[in-house]
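Single-structure report; data block below.
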Amino acid sequence: MEPLKIMIVEDDLFTRRVVDVIIKNHFTEFVVSATTGSIKEAHHLLERVKPDLLILDIQLEDGNAFELLSQIPVIDFKIVFMSSYSSYMEQAVQFSAVDFIKKPFDESEFVQALDKALDAFNDSEYPKRIETLLLNINEEPQNRTLLLVTRNGNVKVDINSIEYGESITKGAYFHLLSGDTIHVSFPLRRYEPLLTEYAFFRCHPLMLVNLRHIESLDKSRSEIRMKSGTIIPVDGWRLANLISKREALALI
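Heads up: the sequence shown begins at 1 in UniProt numbering, then just goes up one per residue.
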């Protein structure tokens, strides 16, 4: 079996060389077929090289990754994104459950990311991840879609449709306003950093609530009632912070 072709799009020459060396040292399954530091050149190389996997920095000197992807009619390759800073684009990648590497990275982190990329070649739902990603890039942040990874496949949900998340022994439950409950494979802490900026709050070790869907707050009992009628406890030391966040969002 011939090795899978990798194309690296990264405008830092040193990082490009490091990535190239790591791949050569650890993977017989891959071969680096092309590298570039330019979005413009990357577009031409994609047509010529036809890579199986694209390692793509989110922000380059002459544009960003999504400007490149928007020019491609059919994305028939897998993608691993890289970025050295936080941005709305990075959030969009993470919301879509697409592989992402934070720079600077160490060798083991990069190897782990490529191992996951290999698994993606057997993932029939991968196109749904890319579809969600491209939708999220063009959406206002409050209208973004979260791709939830379940045992039975990936489920797309609007962020605003989530009432609260609940931590369980194996994974987490996301309870929706519709009354549906989705069991995800990843722990709740995996989603917390993504959702905190969208009016979600960890009121209890087991609960991550959407502040916009709180019906009422009982300070004396230190508990909240959600729109569904569900009563959720609030740790006493988190209560003041919860109130201040609701006030900041003009929800009181």
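Ideal Cβ positions, reconstructed from N, Cα and C, are used throughout, including at glycine.
Check	Outcome
Drop a sphere of 10 angstroms on the beta-carbon of ASN136, count the other beta-carbons inside from all chains shown, and report buried for 16 or more, exposed for fewer.	buried
Nearest by alpha-carbon distance to VAL18: which of ILE55, GLU47 and ASP99 is it?	ILE55
Closest to PHE66 by CA distance: which of ARG48, GLU47 and VAL93 is it?	VAL93
What did DSSP end up calling GLN112 once you bin it into helix, strand or coil?	helix
What separation, rounded to the nearest whole angstrom, lies between the Cα atoms of ARG190 and HIS26?	27 angstroms
Between the alpha carbons of ASN64 and LEU4, how many angstroms are there, rounded?	25 angstroms
Put GLY37 into one of helix, strand or coil per three-state DSSP.	coil
Please report how far the alpha carbon of PHE30 lies from the alpha carbon of ALA113, in whole angstroms.	13 angstroms
For LYS227, which residues of its own chain have a beta-carbon under 6 angstroms away from its beta-carbon, when the five flanking residues on both sides are left out?	HIS213 and GLU215
Per the DSSP calculation, PRO233 is bridged to which residue(s)?	GLU223
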